[in-house]
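Undergrad: By the numbering used here, the letter at position 195 of the sequence shown is numbered 235, and the numbering carries on one by one without gaps. No residue lacks a Cβ here, since even glycine has one placed at the ideal position from N, Cα and C. Here's a structure for you.
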Amino acid sequence: MNGLRRKICFITGTRADYGIMSRLMKELNADPAIELQIIATNMHLSPAHGMTVTEIEKDGLTVSARISMNREGDTPGQIVRSMGEEMTGMADVLERLSPDLIVILGDRYEMLVAASAALIFSIPVAHLYGGEITEGANDDAIRNAVTMLSSWHFTSTDEYRRRIIVMGKPAHTVFHVGALGADNISHFIPLSIESLETSIGFPLSDRFLLVTFHPATMERGQAAIQTKNLLSALTHYTDTHKILFTMPNSDAEGDTVAQLIEQWVSQNSENSVAVKSLGRERYYTALRYASAVIGNSSSGLTEAPSFGIPTVNIGNRQKGRAFGSTVIHCGTDTEDITSAINQALSPEFREYCHQHPDNPYALPDTLSRLLTILPTCI
């Protein structure tokens with residue numbers, strides 16, 4: 041251990057992973073025995089994705105280092121070259137910061153780079169939320185690779201804990217703590233709907249759909265078709281609901297999805313709006329007031345159920361992930377999506393969701409468990 045204070049370094053690449061980990065970061069930052077370090081990379085430094093590094097700074101946290109992953113498109117080659125840039129930057133930053141422990145969340149390619157660099161530096165990695173399955177995305181293979189590169193493991197369900205142990209990790213290094221996102225919601229006080237409308241510059245009224253759609257990266261070449269089918273289905277609801285889009289991640293074909301959404305919104309500007317990044321507070325507020333969540337984001341399975349609202353999960357991107365009874369699965373054809381949205385918006389199903397906020401990822405005291413265990417991993 042370097043010095044008297046333990047250096048715990050969080051690596052964050054997206055609005056989503058930061059939003060989930062932000063309360064944990066703030067609590068550790070307030071601990072005088074810990075020096076919190078934050079490395080921001082990928083989408084946090086991208087104007088096209090909202091330059092969300094500013095959200096970290098607005099929360100009063102210091103960004104210790106920024107690692108650029110410049111790219112000019114969303115092809116596999118361009119993404120791999122951006123990973124190479126991240127690896128070079130990681131070498132310089134880890135030499136300078138010399139952390140005692142690195143904390144990463146999830147299954148994105150920038151986390152694979154980070155875990156690989158940490159291995160060469162002999163820095164232990166604490167990985168949040170391994171053991172899960174998402175058959176429709178290459179995140180599945182990345183997540184398992186990160187698990188093998190990590191020393192400590194924190195899972196959202198007990199099933200996922202058992203899976204990591206089966207993969208060969210020692211049981212004493214694997215902890216079922218529950219999902220931080222679900223724990224965050226239990227302590228969240230939403231903005232007013234008027235404040236949310238003002239912040240995005242768009243009137244949502246009392247009936248709107250929250251839509252997030254990403255490419256299913258194991259279904260190469262299908263992103264445009266699937267996005268067009270979704271947008272065609274949403275056309276049926278513009279007379280009765282506003283549509284609030286959050287934009288896709290920087291995955292292969294992500295730019296294609298974003299461009300199609302932006303074009304559709306420009307043609308339906310009275311009834312829809314697209315926001316690059318809502319941030320945690322505005323996103324959770326949107327979940328609080330939305331009629332339903334539509335798309336293929338993991339948030340629809342891990343966070344939306346805690347608000348007691350329906351989720352329409354489209355296609356295979358999240359296939360294999362645990363889900364509760366408020367989630368409706370459907371195919372990617374327009375007819376399948378329309379049928380699922382109709383079910384989600386039915387008074388009977390909405391009332392069921394309100395009465396049964398069924399979230400398999402929720403576990404009491406997730407944050408406290410992590411705050412107790414993480415410092416012992418050094």
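#1: What do you reckon, are the CB atoms on D291 and T257 nearer than 7 Å?
#2: Taking the alpha-carbon of I60 as reference, which of G218, P164, L134, H212 has the nearest alpha-carbon?
#3: Could you name the residues of the same chain whose beta carbon sits closer than 7 Å to that of A330, not counting the 5 residues immediately before and after it, in chain order?
#4: With distances taken from CA atoms, which of L76, V103, T372 is nearest L85?
#5: Report the partner residues of I74 according to the DSSP bridge assignment.
#6: Ends of the beta strand (DSSP E) at F285?
#7: Three or more C-beta pairs under 8 Å: does that hold for the region 259–277 against the region 370–384?
#8: Could you check whether the region 78–93 touches the region 300–320, counting it as contact only if at least three pairs of C-beta atoms, one from each stretch, sit closer than 8 Å?
#9: The alpha helix (DSSP H) with C417 in it runs from where to where?
#10: Run through DSSP, which three-state label would V217 get?
#11: Kindly provide the ranges of any beta strand (DSSP E) runs that are 3 or more residues long and lie completely inside the region 244–299, ordered along the chain.
#12: Helix, strand or coil for S339? Go by DSSP, reduced to three states.
#13: When you compare the region 284–299 with the region 199–208, are there three or more beta-carbon pairs, one atom per stretch, that lie closer than 8 Å?
#14: For K209, is the classification buried or exposed, using 16 other Cβ atoms within 10 angstroms of its Cβ as the cut-off for buried?
#15: So is M41 buried or exposed if we call it buried at 16+ other beta carbons inside 10 Å?
#16: Throw me the rounded Cβ distance for the T174 and R361 pair, which I believe falls under 8 Å.
#17: Closer than 7 Å by C-beta to F228: which residues in its own chain qualify, once you throw out the five before and the five after it? Chain order, please.
#18: In angstroms with no decimal places, state the Cα-to-Cα distance between R55 and E67.
#19: I144 by DSSP, collapsed to three states: which one?
#20: With a CB to CB cut of under 7 Å and the five nearest residues on each side skipped, what residues in its chain are close to N399?
#21: N224: buried (16+ other C-beta within 10 angstroms of its C-beta) or exposed?
#22: What does DSSP give as the partner residue(s) for V305 in the beta ladder?
#23: Based on DSSP bridge pairs, tell me the residues matched to L101.
#24: Excluding five sequence neighbours on each side, which residues of the same chain lie with their C-beta closer than 7 Å to the C-beta of L152?
#25: On a Cα-Cα basis, can you pick out the residue from E126, G113, D99 that is closest to A105?
#26: Which class does R106 belong to by DSSP, given the choice of helix, strand or coil?
#27: Are the Cβ atoms of F389 and N336 separated by less than 7 Å?
#28: Are the Cβ atoms of I51 and I204 separated by less than 7 Å?
#29: Residues in the same chain with beta-carbon distance under 6 Å from F285, minus the five sequence neighbours each way, listed in chain order, please.
TA: Taking the structure as given:
#1: Within the sequence shown, the letter at position 251 stands for residue 291. Within the sequence shown, the letter at position 217 stands for residue 257. Yes. Within cutoff.
#2: In the sequence shown, counting from the first residue as 1, residue 60 sits at position 20. Closest by alpha carbon: G218.
#3: Working through the sequence shown from its first residue, we reach residue 330 at position 290. Cβ neighbours of A330 beyond the five flanking positions: F248, L249, L250, I349.
#4: On the sequence shown, position 45 is the one that residue 85 refers to. Nearest of L76, V103, T372 to L85, Cα basis: V103.
#5: The residue given as residue 74 occupies position 34 in the sequence shown. R46.
#6: The count along the sequence shown starts at 1 and reaches residue 285 at position 245. From DSSP, the beta strand (DSSP E) with F285 extends over 282–286.
#7: By the Cβ test, the region 259–277 is in contact with the region 370–384, since at least three Cβ pairs between them sit closer than 8 Å.
#8: In short, these stretches touch, since the Cβ pair count reaches three.
#9: The sequence position of residue 417 within the sequence shown is 377, counting from 1. Per DSSP, C417 belongs to no alpha helix (DSSP H) and is neither H nor E.
#10: Residue 217 sits at position 177 when you count from the first residue of the sequence shown. Correct three-state label for V217: coil.
#11: 248–252, 282–286
#12: Taking the first residue of the sequence shown as 1, we reach residue 339 at position 299. Looking at S339 - three-state DSSP - the assignment turns out to be helix.
#13: no
#14: On the sequence shown, residue 209 is found 169 positions in, with the first residue counted as 1. Buried, because 16 or more other Cβ atoms sit within 10 Å of the Cβ of K209.
#15: Counting from 1 along the sequence shown, the entry for residue 41 is found at position 1. The pLDDT assigned to M41 is 46, lower than 50, so where the model puts this residue is not dependable, and the model offers no usable value.
#16: Position 134 of the sequence shown holds residue 174. Position 321 of the sequence shown holds residue 361. Right, the Cβ-Cβ distance comes to about 6 Å (below 8 Å), so this counts as a contact.
#17: Walking along the sequence shown from the start, residue 228 turns up at place 188. Excluding sequence neighbours, F228 sits near Y324.
#18: Counting from 1 along the sequence shown, the entry for residue 55 is found at position 15. Counting from 1 along the sequence shown, the entry for residue 67 is found at position 27. Distance between the alpha carbons of R55 and E67 is about 19 Å.
#19: The residue you call residue 144 lines up with position 104 of the sequence shown. Three-state result, I144: strand.
#20: Looking up residue 399 in the sequence shown gives position 359. Contacts found: A222, P345, S346, G364.
#21: The sequence position of residue 224 within the sequence shown is 184, counting from 1. N224 is buried by the Cβ-count criterion.
#22: In the sequence shown, residue 305 corresponds to position 265, counting from 1. V305 pairs with nothing; no bridge assigned.
#23: Residue numbering aside, residue 101 sits at position 61 when the sequence shown is read from its first letter. Beta-bridge pairing links L101 to no other residue.
#24: Here residue 152 corresponds to residue number 112 of the sequence shown, with the count starting at 1. Counting only Cβ-Cβ distances below 7 Å, and skipping sequence neighbours, we find I182, A185, V186.
#25: As a working note, residue 105 is residue 65 in the sequence shown. Of the candidates E126, G113, D99, the one whose C-alpha sits nearest the C-alpha of A105 is E126.
#26: To locate residue 106, count along the sequence shown from 1; it is residue 66. R106 falls in the strand class under three-state DSSP.
#27: Position 349 of the sequence shown, counting from 1, holds the residue named residue 389. Position 296 of the sequence shown, counting from 1, holds the residue named residue 336. Their beta carbons are not under 7 Å apart, which means F389 does not touch N336 by this criterion.
#28: For the purposes of this step, residue 51 is taken as the residue at position 11 of the sequence shown. For the purposes of this step, residue 204 is taken as the residue at position 164 of the sequence shown. No, the pair does not count as a contact, with Cβ atoms beyond the cut-off.
#29: Sequence index remark: in the sequence shown, residue 285 carries index 245 (1-based). Around F285: V251, I301, A314.
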